[in-house]
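Every letter in the sequence shown is one number past the one before it in our numbering, and letter 181, counting from 1, is 181.
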Amino acid sequence: MGSLASGTALASPVRAGVATQIVETAASADHLDYDHRQVTVSGRLMQRQADGTLVPLPGHTVRVFADGRSQDKTSTDADGRFTVTMTNPGYRVLTACSDLDATYAKGCADYRFTITQRPTRLSLNPLPASSKMGGWVTVSGRAEVLTSGGWRPFVGIVGVQALNSPVNNIAGMRVGADAGFSGKIQIRDSASWVATLYSEAYEYDQLTSTAPTPIRAVHPTSIWLYAPESRPVPGRPSTFQVVTSIRRFPDANYDSVVTWPLPDEPFKLYFRPDSGDPARLIASGRTGGDGTASVKHTSKAGERGTWFARIDPSSDQTGGVSYNVHLDVRYVTMLRLSAKPDPVRKGHKLTARGTLLAPGGKALGKRTVKIYFQARGSKKWVGMATVRTDAHGAFTRAFTAKQDGTWHAVFAGDILDLPVQAADYVDVR
């Protein structure tokens with residue numbers, strides 16, 4: 001029988017009531033190992049009288065705890081005695097406590113043991129260096145314990161868990177008859193993974209596999225590019241807005257990913273001309289704390305093409321390219337057209353006059369303007385003439401009035417100026 005301390009109280013609040021004490025504590029053994037797992041603990045529950053004497057407390061519940069958790073329970077007999085037999089406890093300390101109720105306070109006693117640890121062999125096979133966040137990785141390894149009959153499979157569960165991330169889940173895998181285990185883990189964040197024996201006992205000398213294996217989680221990232229709200233004007237600065245985000249798992253109990261802003265992230269802004277020339281870098285920078293950034297750019301006349309922004313991939317991010325934004329940076333033009341007289345007699349002369357102007361009323365000379373006619377009730381446009389504007393941006397051309405319809409002047413635009421059109425209806429009588 002082991003030499004055991006009696007009457008040791010747990011460090012927990014005790015309700016006022018009749019004091020109790022566990023005495024005459026004993027255990028069938030004070031030494032446990034892998035091959036000798038069973039232990040019987042006993043004692044006698046006493047209540048303290050007003051004069052300080054102790055008398056037995058019969059029919060009262062006594063529980064046995066290990067690591068603060070109840071493992072078994074029994075009731076005291078007529079003489080206050082109790083006995084509990086446990087198999088495979090594997091703990092250095094067991095604590096017996098009487099139940100607390102409205103009449104009696106709690107009384108506790110500790111039973112201490114020496115545990116002879118068994119050598120174990122726990123291994124985790126090599127894991128991939130990286131995985132996309134949310135992906136599943138197959139893991140495997142071996143778990144063995146040295147018994148009197150040699151190395152045998154560990155009977156129980158092996159957990160594969162991350163050492164340094166609260167986001168990753170823990171996966172439990174049962175050891176097979178060949179001592180191997182296998183299963184899947186979901187990668188939610190970068191972490192170093194180890195295998196751990198799921199055992200609350202202290203009988204194994206190696207609970208965790210050696211050489212933790214790091215897996216780098218590659219997080220999906222996104223980038224959006226917002227063009228200036230109004231059409232860029234040549235020679236005037238306009239602002240592009242860059243917005244970035246990253247996808248993460250908030251915590252280990254959250255099954256869906258959440259999009260978060262990506263702060264202090266380097267990005268690049270590119271322009272690809274419609275001419276077919278290669279894309280060129282316009283600006284680079286870093287996002288602010290909210291994952292956004294503003295880029296000012298002064299456009300040049302004739303700057304027509306596609307804009308896009310990108311995040312370069314890194315060791316833990318996928319990178320990304322924004323949708324294309326097409327901008328046509330040319331001067332806005334204005335076209336005036338007047339076909340007179342209106343009304344006009346059939347067969348008589350009709351003159352189409354017009355003016356092509358740039359912003360601020362600047363005349364656009366030596367520009368080609370095409371004149372079309374669409375008869376009333378027809379859907380067909382008929383080309384009537386091609387004219388050139390003079391130094392004042394003006395043009396004129398005479399025609400013979402034949403039928404009612406709409407006269408249409410079209411400037412197709414050029415490298416500096418945007419296309420524009422104008423129309424005027426004439427009544428022919």
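Ideal Cβ placement from N, Cα and C applies to all residues, glycine included.
(message) Suppose you measure from the CA of residue 2 to the CA of residue 125; what does that come to, to the nearest Å?
(response) As a position in the sequence shown, residue 2 is number 2, starting the count at 1. As a position in the sequence shown, residue 125 is number 125, starting the count at 1. Confidence at residue 2 is low in this model, with a pLDDT of 37, below 50, so its placement is unreliable and the value that follows should be read with caution. Taken atom to atom, the span from the alpha-carbon of residue 2 to that of residue 125 is near 43 Å.
(request) Would you give the residue range spanned by the beta strand (DSSP E) that residue 26 belongs to? (result) Your numbering for residue 26 matches position 26 in the sequence shown. Element bounds for residue 26: 20 to 27.
(request) Report the rounded CA-to-CA distance for residue 197 versus residue 296, giving the unit in angstroms. (result) On the sequence shown, residue 197 is found 197 positions in, with the first residue counted as 1. On the sequence shown, residue 296 is found 296 positions in, with the first residue counted as 1. Taking the straight line from one Cα to the other gives about 58 Å.
(message) Going by beta-carbon coordinates alone, are residue 221 and residue 287 separated by less than 9 Å?
(response) As a working note, residue 221 is residue 221 in the sequence shown. As a working note, residue 287 is residue 287 in the sequence shown. With contacts defined as CB atoms closer than 9 Å, residue 221 and residue 287 fail to qualify as a contacting pair.
(message) Rounded to whole angstroms, what is the Cα-Cα separation between residue 410 and residue 419?
(response) Looking up residue 410 in the sequence shown gives position 410. Looking up residue 419 in the sequence shown gives position 419. The straight-line gap from Cα to Cα measures roughly 8 Å.
(request) For residue 337, collect the residues of the same chain with a Cβ closer than 6 Å to its Cβ; drop the 5 residues on either side in sequence, then sort them by chain order. (result) For the purposes of this step, residue 337 is identified with residue 337 of the sequence shown, where counting begins at 1. Within the same chain, Cβ atoms closer than 6 Å to the Cβ of residue 337 are found at 354, 409, 422, 424, the five residues on either side in sequence being excluded.
(request) Tell me, please, whether the CB atom of residue 395 is closer than 9 Å to any CB atom in chain B? (result) Protein chain content of the structure displayed is limited to a single chain, and chain B is not contained in it.
(message) Let me check understanding here. Comparing Cα to Cα, which of 342, 269, 162, 333 lies closest to residue 365?
(response) Within the sequence shown, the letter at position 365 stands for residue 365. For residue 365, the nearest C-alpha among the options comes from 333.
(message) Can you tell me whether residue 43 is helix, strand or coil according to DSSP?
(response) Against the sequence shown, residue 43 aligns to sequence position 43. DSSP places residue 43 in the strand class (E or B) of the three-state scheme.
(request) Report back the beta-carbon spacing between residue 24 and residue 44 to the nearest angstrom; my notes put them in contact at under 8 Å. (result) Locating residue 24 in the sequence shown gives position 24, counting from the first residue. Locating residue 44 in the sequence shown gives position 44, counting from the first residue. Going by Cβ atoms, the distance from residue 24 to residue 44 rounds to 4 Å, so yes, they are a contact pair.
(message) Restricting to runs no shorter than 3 residues, where is the beta strand (DSSP E) found entirely within the segment 95 to 135?
(response) Listed in chain order, they are 108 to 112, 120 to 124, 130 to 132.
(request) For residue 4, count neighbouring Cβ atoms within 10 angstroms of its own Cβ and tell me buried if that reaches 16, exposed if not. (result) Here residue 4 refers to the residue found at position 4 when the sequence shown is read from its first residue. Only weak support exists for where residue 4 lies, its pLDDT of 38 falling under 50; the coordinates are left without a value.
(message) Taking DSSP's pairing of strands, which residues face residue 270 in a bridge?
(response) Here residue 270 refers to the residue found at position 270 of the sequence shown. Beta-bridge analysis with DSSP links residue 270 to 281, 308.
(request) Can you tell me which of the three DSSP states residue 359 falls into? (result) By 1-based counting over the sequence shown, the position of residue 359 is 359. Three-state result, residue 359: helix.
(request) Give me whichever residues DSSP pairs with residue 213 in a beta bridge. (result) In the sequence shown, counting from the first residue as 1, residue 213 sits at position 213. Note: residue 213 sits in a beta bridge opposite 193.
(request) Determine, using beta carbons only, whether residue 73 and residue 318 come nearer to each other than 9 Å. (result) As a position in the sequence shown, residue 73 is number 73, starting the count at 1. As a position in the sequence shown, residue 318 is number 318, starting the count at 1. No; because the gap between Cβ atoms is not below 9 Å, this pair is not in contact.
(message) Give me, in chain order, the residues of the same chain whose beta-carbon lies closer than 7 Å to that of residue 152; leave out the 5 immediate sequence neighbours on both sides.
(response) The count along the sequence shown starts at 1 and reaches residue 152 at position 152. Cβ within range, chain order: 144, 145.
(request) Measure the C-alpha to C-alpha separation of residue 17 and residue 103 and round it to an integer number of angstroms. (result) Locating residue 17 in the sequence shown gives position 17, counting from the first residue. Locating residue 103 in the sequence shown gives position 103, counting from the first residue. Whole-angstrom Cα-Cα distance: 5 Å.
(request) Give me the Cα-Cα distance between residue 412 and residue 323, rounded to the nearest whole angstrom. (result) By one-based count along the sequence shown, residue 412 stands at place 412. By one-based count along the sequence shown, residue 323 stands at place 323. So the two alpha carbons sit approximately 28 Å from each other.
(request) Could you name the residues of the same chain whose beta carbon sits closer than 6 Å to that of residue 373, not counting the 5 residues immediately before and after it, in chain order? (result) Translated into the one-based positions of the sequence shown, residue 373 becomes position 373. Taken in chain order, the residues that qualify are 382, 384, 405, 407.
(message) Please state the DSSP three-state secondary structure of residue 240.
(response) Along the sequence shown, one-based indexing puts residue 240 at 240. Here residue 240 carries a strand assignment [DSSP, helix/strand/coil].
(request) Could you tell me the distance, in whole angstroms, from the CA atom of residue 335 to the CA atom of residue 348? (result) Working through the sequence shown from its first residue, we reach residue 335 at position 335. Working through the sequence shown from its first residue, we reach residue 348 at position 348. Between residue 335 and residue 348, the C-alpha separation is close to 26 Å.
(request) Whole angstroms is fine: what's the gap from residue 187's alpha carbon to residue 268's? (result) For the purposes of this step, residue 187 is taken as residue 187 along the sequence shown, with counting starting at 1. For the purposes of this step, residue 268 is taken as residue 268 along the sequence shown, with counting starting at 1. Residue 187 and residue 268 have their C-alpha atoms spaced approximately 29 Å apart.
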